[in-house]
Amino acid sequence: MSAPSPSGYHVASDKPFLVGLGVLGGSYLLIIAAMVLADLVFLDYGDKPVLGNELVSHGKYAGEYEKGVPIAVEPGRAYHFRAGKNEIGLRSAGRLITHNGLFNADASEVVLLPREPGAPITASLQPEARVAGITITNKVVNGVTHRLARITTDVPHRLLWKEFIRLSGTGQSGWSGVHEITDTDKNVITIAAPTDTVPAPLQLSKPNPLVQALRSRDIRFSIKLSLISCTLTTLLSLWVAVPIGYMMSRFKFRGKPVIDTLLDIPIVLPPLVVGLSLLILFRYMPEWLSDAVVYKWPAVVLAQFMVACAFAVRTMRVTFDQIPQRFEQVALTLGCNRRQAFWRVIMPQARGGLLAAGTLAWARALGEFGPILVFAGATRQKTEVLPTSAFLELQAGRTEGMLAVSLIMIGAAVVVFIIARTLGMKRIFA
Amino acid sequence: MIALENIELRQGSFELSDLSLELASGEYGVLMGRSGCGKTTLLEAVCGLRNIAGGRIILGGRDVTQLPPAERGVGYVPQDRALFPTMLVREQLAFALVLRALGQAEIAGRVDELAELLGITGLLDRTPDKLSGGEAQRVALGRALAHAPAVLCLDEPLAALDEELHGEMCRLLERVHRETGVTILHITHSPSEARRLAGCHFRLADGKVTRDENRSCA
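First to last, the protein sequences are chains A and B.
In terms of the working numbering, the numbers along the first sequence are unbroken and rise by one, the last being 761.
In terms of the working numbering, the numbers along the second sequence are unbroken and rise by one, the last being 807.
Structure (structure tokens):
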């Protein structure tokens, strides 16, 4: 048997490997990008009309409704129509309406047209609520006079207390713009009146969820608390992570493997359990301390800190591991003690790692939810952070509100990363 | 002067015992030995970077066995040079002087003097990543000499340089030795490199330091 000649030897092309890497990596990146993009696109940024009660009742396109369901409407009034998956559209006095949105009724009846007989009714038709009248009253509460505007709508408006409403078409400063609803009734909305005189024409609309979220006092509070608590957590984490990381990187001592394991516990433990463990731990604390922390804002910081710090420690340890010990040794012979060698020679080199650890801790803290829910509760304007807001919005059935809060979180995270990147870049280009 | 008396070193399973070496003040000592025989470990012990299990280390007439590295009055140039990456060459040369809280004018004068001695005046405002191997070696030498140590420890100072630079660096080391009068302990694994260098020659082999009696130290 002859050995293969050297010229007969071929190595397989690198292409499949590189393409594979590209496809796998690319698909992951694509999912990340698509995820963020979906959030951004899903939200309807335009204002929405204020709508009354649903006019379409449940049922099927069967029997007498086989050819269509007639619905009584008021001619000339604007209605909001949304076709479901079983409808072709709506017939309004010979006109066929297929697009979703507002239209003016032409006669006293519209007919929902089914795609096929026998299917369930899936469309929606709601009248637009319009301003029927405004009265201004003065209400005295605790000696302070509040000027209130009671806006009556021609149909029930279905708005809630603490929601926001946009008034437009007045041309009068003060009235045009977004107002917080301070009280509601079936046909009445109360807002703080900007002036004594009521402007003549007024239109109502619901501002987009992002505006609603940013205007809401609860969410404003949670933004503030999130920013403050995350920053506090980051500073605390770095304060602890730098010495621990340095110690674990440079020194050998008894029980080091045990400490190593302990440091990883917050990373592997389910976040909810971290919160529960903290809660139980504080049962054994003196009363004044547990009163000051549990279900108050310090609990938020502590819960964030427990998880975020573990990541900061990891990062700092790797950072110090990558800086050879030689630098300290040389610094020691040049006249440094250990503290001076650390601050003058090692820390300047660890700046990039410090920044990375800080960013990571900040981002972890921003997203922390489970431990905070258990350990600090979810009290509005007290221990509400952004993830809590998102959760509360979802619970209240306001998906759009939750999405708006998510976007605020994405925005905050992006800003912090950009700041960290720019600072990091400065170091490289200096 | 450097005097090592019955030094004992332990590092894991590696062990050296009863090592002695004597180098008079202002002499140029070359310590040869194969890779892995403990040269660097011995040098680190002299600098105080490694604890010794027994024996005494005397530098410049002082027993420094119990002193921290900062107080031993040594200049150390490790094999990888370990220039501080975040500092300019000027700052590296001034490092030991700033620690000793000298005046700005004094520091600037000393830095210029060192730069001239080593021929690196034009490099003072560079960062280490912009230096060639030979330049980095000069800066590392300057940094170690700044505080006028009695003893200069060089760990394979020529190893990372190409042949062409060897001669130049040897001449530079001789010049530094002549002009500063510092006692130098230079370690190398290469006999050919050792042959080029003047001074006292020692050999570390089989756990013993022996002096090459064939050469005069002058």
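All residues carry an ideal CB built from backbone N, CA and C; glycine is no exception.
Predicted, not measured: the structure shown is a model, and the values here were computed from it.
Range of the contiguous beta strand (DSSP E) that encloses Met621(B): Tyr617 to Met621
C-alpha distance - Glu768(B) paired with Glu616(B), whole-angstrom precision: Approximately 12 Å between the Cα atoms of the pair.
Val462(A) vs Pro401(A) beta-carbon contact at 8 Å: no
What in chain A is Cβ-close to Leu638(B), meaning under 7 Å? Gln660 and Leu663
Check for me: the alpha helix (DSSP H) holding Leu686(A) runs from which residue to which? Arg682 to Gly698
Quick one: what's got a C-beta closer than 7 Å to Ala414(A)'s C-beta in the same chain, skipping five residues either side? Taken in chain order, the residues that qualify are Gly420, Thr429, Asn431 and Ala454.
Is Pro717(B) buried or exposed, if buried means 16 or more other CB atoms sit within 10 Å of its CB? buried
Rounding to the nearest angstrom, what Cα-Cα distance links Ala761(A) and Ala681(A) in this structure? Any answer about Ala761(A) is weak, because its pLDDT of 41 lies below 50 and its placement is not dependable; what the coordinates show is given next. Answer to the nearest angstrom: the Cα atoms are 16 Å apart.
From Lys555(A), Gly683(A), Pro458(A) and Phe348(A), residue whose alpha carbon lies closest to that of Gly407(A): Pro458(A)
Does DSSP put Ile741(A) in a helix, in a strand, or in coil? helix
Within chain A, partners of His736(B) - CB distance below 9 Å: Residues of chain A passing the Cβ test: Leu665 and Gly666.
May I have the straight-line CA-CA distance separating Ala685(B) from Ser557(A), to the nearest angstrom? 45 Å
List, in chain order, every chain A residue whose beta-carbon is nearer than 8 Å to that of Ala671(B). Pro655, Arg657, Phe658, Gln660 and Val661
From Leu774(B), Pro674(B), Gly722(B) and Val765(B), residue whose alpha carbon lies closest to that of Glu752(B): Gly722(B)
Are the C-beta of Phe684(B) and some C-beta of chain A separated by less than 8 Å? yes
For Gln534(A): DSSP bridge partner residues: Ser499(A)
Own chain, CB closer than 6 Å to Arg715(B), minus 5 neighbours either side, in chain order: Val678
Cβ of Leu541(A) within 8 Å of Cβ of Ala735(A)? yes
Which chain B residues sit within Cβ distance under 7 Å of Pro679(A)? Thr675
Beta-carbon neighbours of Val676(A), restricted to chain B and to distances below 7 Å: Against Val676(A), the close residues of chain B are Phe673, in the order they occur along the chain (beta-carbon pairs closer than 7 Å).
Can you check whether the CB of Leu697(A) is closer than 8 Å to the CB of Met733(A)? no
Inspect the beta-carbon positions of Ile550(A) and Ile522(A) and report whether they are closer than 8 Å. no
Take Tyr376(A) and list the residues in its own chain whose beta-carbon comes closer than 6 Å to its own, dropping the five residues that flank it on each side. Asn539
Closer than 8 Å by beta-carbon distance: list the chain B residues that pair up with Gln671(A), in chain order. Leu688
Grab me the residues of Arg785(B)'s own chain with a C-beta within less than 7 Å of its C-beta, minus the 5 sequence neighbours each way, in chain order. Cys759
Does the stretch 717-724 of chain A come into contact with the stretch 695-709 of chain A, if we say contact requires no fewer than three beta-carbon pairs (one atom in each stretch) closer than 8 Å? yes
Sorted by chain position, which residues of the same chain lie with C-beta nearer than 6 Å to Met332(A)'s C-beta, five sequence neighbours on each side aside? For Met332(A), the pLDDT reaches just 47, beneath the cut-off of 50, and the residue's location in the model is therefore unreliable, although a value from the coordinates is still provided. Cβ within range, chain order: n/a, list empty.
Measuring only the C-alpha atoms, how far is Ser630(B) from Phe348(A)? Residue identity check: residue 630(B) is Thr in the sequence provided, not Ser. Each residue's Cα considered, the two are about 46 Å apart.
Kindly indicate which residue of Leu691(A), His488(A), Leu433(A) and Val529(A) has the alpha-carbon position closest to the one of Val638(A). Leu691(A)
So Ala704(B) contacts chain A; which residues on that side make the cut at Cβ distance below 9 Å? By Cβ distance, chain A contributes nothing, its closest Cβ being about 17 Å from Ala704(B), past 9 Å.
Just mark Ser468(A) as buried or exposed, buried being the case when its beta carbon has 16 or more other beta carbons within 10 Å. Note on residue identity: the sequence assigns Thr, not Ser, to residue 468(A). Exposed.
Against chain A, with Cβ distances strictly below 8 Å, would Arg792(B) count as a contact? Using beta-carbon distances, Arg792(B) does not count as an interface residue toward chain A, since no partner is under 8 Å.
Rounded to the nearest angstrom, what separates Ala671(B) and Thr799(B) at their Cα positions? 30 Å
Who are Pro401(A)'s beta bridge partners in DSSP? Val442(A)
Straight-line CA distance for Val599(A) to Leu593(A)? 10 Å
Distance, Ala694(A) Cα to Lys719(B) Cα: Answer to the nearest angstrom: the Cα atoms are 36 Å apart.
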